[in-house]
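**Q** In this note's numbering, the protein residues as written are 1205 to 1582.
Cβ atoms here follow ideal geometry from the backbone N, Cα and C, with glycine treated the same way.
Nothing here was measured: the structure is a model prediction, and the numbers come from that model.
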Amino acid sequence: MILIFWLSIVTLFYIYIGYPLVLKLLPKNKISTQELEEFPSITVCIPAYNEESVIEETILNKLAQDYPKDKVSIIVISDESEDETDAIVTRLADEHKNIELIRQIPRKGKTSGLNLAFEKITSDLIIFSDANSIYDENVFHEIAKTFTDESVGYVTGKKVYVNEDGSMVGDGCSAYMKYENHMRALESDIGSVVGVDGGVDAIRTELYSVLNADQLPDFVQPLKVVEQNKRVVYQPAAILKEESLSDNMSEFKMRVRVSLRALWALYDMRVLFNPVKFGLFSFQLFSHKLIRYLAFVPMVLALLANVALIGHSPLFNLMMFGQVIFYGLAYVGHTQPENNNKFVGLAHYFCLINLAAAMASIKFIKGEKIVIWKPRQG
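See the structure below:
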């Protein structure tokens, strides 16, 4: 039991603290960018399903970018929306000739929608935006500038969660996103970023891969770029602002969906785990994604082993006390979503994402897949 306990603790330490420390020690291989002499053409792809409340603001935000207007096209892929989404986009398209609506019938999901849009794209770059993604006005410029380094094939920006009401889940989301952004900065400095979010991403059009309907484009597309020997890099100056979900169940359901599709992505792209061919990136993929999604295993083992070791020594008693406090804070967060204590928020969100990963792992083992894309809600 002692061995199981300490192996579990060491594993958890490595997943969340050790791996970032290793990244800091590795030799740097930063990209080299230049100011734009020529502005590459850009197509913004916005998948949408029943997004009448946000789609107009998102499109107008892209039109307001500090970038040559004649270099920007916008394609909204409506996945058989049933509300006023299509009518809003059609009205905007009548006013702005660089906007196009594609209606996908029947519903086939986000990935199929992007594949459908790709058939019409002739621009140099493709930017992927969610229907509720609001960019800072310099995002297009910062992304295009990053591509002046020829080794770069995919760029992901910086997502920050806006949480007006200060709700507990929002605070947890924000802390998690800050941690992920820090990890991406470290990974980008040594080679390629392992994971992206999809709301503020871009790819060289020539590198776009047509994916299967069940594949998660936010995860698989950048992995396909790495497979083509190009880099996936983080650009913190390309900022996306997005509201976090305000209730526990919606956030949990979203995390289960994302985790399940990510596990299938890792399976589909398992060739990248070959260190002979992909070297450092294989190590990154294993450390940042595979064992991160399985972190619930050492969490459960550490708790069960600690229970069995109560009374064995003062140290194990203290460790048990710490675990009780931690999970107690998480429970408070679950039962009191209005609680704004940051420690409650962090404990709750940490447990939420790992419970979601556990649920997703069970679904993965059972062979379940998710194809139909949904807005970021429960």
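Measure the CB-CB distance between residue 1389 and residue 1438 and report whether it falls below 8 angstroms.
**A** yes
**Q** Hey, residue 1477 and residue 1490: beta-carbon distance below 8 angstroms or not?
**A** yes
**Q** Excluding five sequence neighbours on each side, which residues of the same chain lie with their C-beta closer than 8 angstroms to the C-beta of residue 1558?
**A** 1499, 1500 and 1503
**Q** Helix, strand or coil for residue 1200 per DSSP?
**A** Missing from the structure shown is residue 1200; the chain here goes from 1205 to 1582 and no further.
**Q** What distance in whole Å lies between the Cβ atoms of residue 1393 and residue 1234, which are believed to be in contact at a cut-off of 8 angstroms?
**A** 5 angstroms
**Q** Comparing C-alpha positions only, which one of 1245, 1402, 1385 and 1246 sits nearest to residue 1224?
**A** 1385
**Q** Check whether the segment 1248-1265 touches the segment 1288-1300, counting contact only when three or more Cβ pairs, one atom from each stretch, lie closer than 8 angstroms.
**A** yes
**Q** From the DSSP output, in three-state form, read off residue 1527 for me.
**A** helix
**Q** If we require 3 or more residues per run, which beta strand (DSSP E) segments fall completely within the segment 1210-1271?
**A** 1246-1252
**Q** Excluding five sequence neighbours on each side, which residues of the same chain lie with their C-beta closer than 6 angstroms to the C-beta of residue 1340?
**A** 1443
**Q** Looking at the strands, I want to know which residues DSSP matches up with residue 1405.
**A** 1332 and 1360
**Q** Does residue 1439 come out as helix, strand or coil in the three-state DSSP assignment?
**A** strand
**Q** Thinking residue 1588 and residue 1347 are a contact (beta carbons under 8 angstroms), I'd like their distance in whole angstroms, please.
**A** In the structure as shown, the chain starts at 1205 and stops at 1582, and residue 1588 therefore has no counterpart that could be examined.
**Q** According to DSSP, simplified to helix, strand and coil, what is residue 1571?
**A** coil
**Q** Work out the CA separation of residue 1554 and residue 1561 for me, nearest whole Å.
**A** 11 angstroms
**Q** Can you name, in chain order, every residue of its own chain whose Cβ lies under 6 angstroms from the Cβ of residue 1441, other than the five neighbours on each side?
**A** 1346
**Q** Taking only three categories from DSSP, how would you classify residue 1566?
**A** helix
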